[in-house]
Amino acid sequence: MTSQTRLVEVRQNVLKHNDILARELRQRFHDAGICAVSLVSSPGSGKTAFLEKTLTLLRPDFHVAALVGDLATDNDAARLARSGAPVKQITTGTLCHLEAAMVRDALDGWDLDKLDFLFIENVGNLVCPASYDIGEHLRVVLLSVTEGEDKPLKYPTIFNTADVAVITKMDLAEAVEFDLAAAQDNVQRVRPGIPLMKVSSKTGAGMDEWLHFLALSRKLSSFGA
Amino acid sequence: MHELSIAMSIVEMAEEESERRNARVEAVHLKLGALAGVVKNALLSSFEIACEGTTLQGSRLVIEDIPIVGYCPKCLSQRTLDSLQWFVCPECKGPVSELIHGRELQVAALEIQE
């Protein structure tokens with residue numbers, strides 16, 4: 002018998018396993034009435050400060066909690082815990098992104114029915130997190146004024162997978178001669194129609210609009226998983 | 213750099229398939245979208261590493277690049293976009309937000325020897 006080579010169709014998504022877990026998570030969040038919000042950005046763009054402020058401001062009206070991914074330390078979790086919200090650290094070791102299974106495991110022991118919002122802070126990285134669905138309803142991409150206006154053009158994939166963009170550290174905009182119009186234009190180029198907000202976690206400017214957006218998103222996420 | 217873990221998933225998937233068919237895999241055909249967030253060259257070298265010590269050692273990874281295809285609401289038709297940096301219709305220059313292709317990261321087929 003002579004062996005021969007032939008081509009067989011497979012058609013399987015490489016991240017199938019992750020995608021299935023992410024869908025299950027989204028359904029769980031939906032059933033529990035949770036709006037799950039993930040945050041992605043480069044390191045040092047102000048994710049943790051922004052999240053701390055968000056948790057603090059939401060706490061009087063909503064039940065909120067946060068998961069935070071980091072390669073090695075739990076510094077961010079300690080900072081976020083100051084808001085009074087339940088916070089859990091996911092230490093990823095050498096992994097540069099969060100995956101759905103890590104989120105699922107981190108939720109162990111939490112009563113999801115008691116929550117309104119779950120925030121998931123991804124590892125500071127504008128590349129790898131783009132490929133992984135972690136079950137969120139809303140993916141927020143952050144861009145700080147100190148990073149430069151052209152970040153969206155350098156990392157179009159992550160901006161294109163996001164649902165909302167937030168420009169942070171607006172209190173420093175003038176000092177670093179940040180060109181807001183150019184930044185807004187670049188964000189719209191790589192993700193036409195994306196809602197865009199401008200905030201300063203330090204002064205609190207722009208947080209009202211962001212909180213309003215979150216409350217609205219929570220209502221919308223309860224309609225469909 | 214998540215290409216190695218992706219390469220390992222590809223190898224795992226191909227190994228399962230080869231066991232099921234009782235055949236040796238000579239090549240894996242992968243569809244890779246421009247917006248999949250995966251760097252082609254990094255994936256190719258990661259694949260070699262991931263194959264070591266498995267039944268796929270010595271096999272090839274054949275990558276088909278999938279361009280970004282979106283739907284232009286103004287022209288009412290599918291358009292292949294020219295650039296990752298600008299999601300506009302190449303004809304009417306209007307914004308394109310609905311994507312049809314470009315995020316693929318899929319094992320399309322295997323070349324197997326029975």
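As you go down the protein sequences, you meet chains H and D in turn.
For the first sequence, this note's numbering gives the first residue as 2, with consecutive numbering after it.
For the second sequence, this note's numbering gives the first residue as 213, with consecutive numbering after it.
Yeah, the Cβ is synthetic: ideal placement off N, Cα and C, and Gly gets one too.
With fewer than 16 other beta carbons inside 10 angstroms of its own, GLN5/H counts as exposed. In the three-state scheme derived from DSSP, where H, G and I count as helix and E and B as strand, SER132/H is classed as helix. For GLY249/D, the chain H residues whose Cβ falls inside 9 Å of its Cβ are VAL128, CYS129, PRO130, ALA131, SER132, TYR133, THR158, ILE159 and THR162, in order along the chain.
The alpha-carbon of MET171/H is positioned some 9 Å away from that of GLY207/H.
Taking C-beta atoms as the reference points, PRO157/H and VAL41/H fail to come closer than 9 Å. Not a single C-beta of chain D is nearer than 9 Å to the C-beta of SER222/H. Straight through space, the alpha carbons of ALA235/D and ALA248/D are spaced by roughly 30 Å. Scanning SER202/H, ALA184/H, TYR133/H and GLY205/H for the CA closest to the CA of ILE195/H turns up ALA184/H. The straight-line gap separating the alpha-carbon atoms of THR93/H and ASN19/H is approximately 16 Å. Along the segment 173-194 of chain H, going in chain order, the ones with a CB nearer than 8 Å to a CB of chain D are GLN189, ARG190, VAL191, ARG192, PRO193 and GLY194. Ranked by how close their Cα comes to the Cα of ILE135/H, the residues LEU16/H, ILE168/H, ALA33/H and VAL9/H have LEU16/H in first place.
Annotation: GLU228/D to SER271/D spans about 15 Å, alpha carbon to alpha carbon. The three-state secondary structure of ILE280/D, taken from DSSP, is coil. Residues ALA37, GLY136, GLU137, HIS138 and ALA226 of the same chain have their beta carbon placed closer than 8 Å to that of ARG27/H, with the five preceding and five following residues left out of the count.
Among the CB atoms of chain D, one or more fall inside 9 Å of the CB of GLU10/H. The beta-carbon distance between HIS313/D and ILE280/D, rounded to whole angstroms, is 7 Å. This is short enough to meet the 8 Å contact definition. When rounded, the separation of the alpha-carbon atoms in THR147/H and ARG24/H is 35 Å. Spanning the alpha carbons of MET198/H and ALA163/H requires a straight line of approximately 13 Å.
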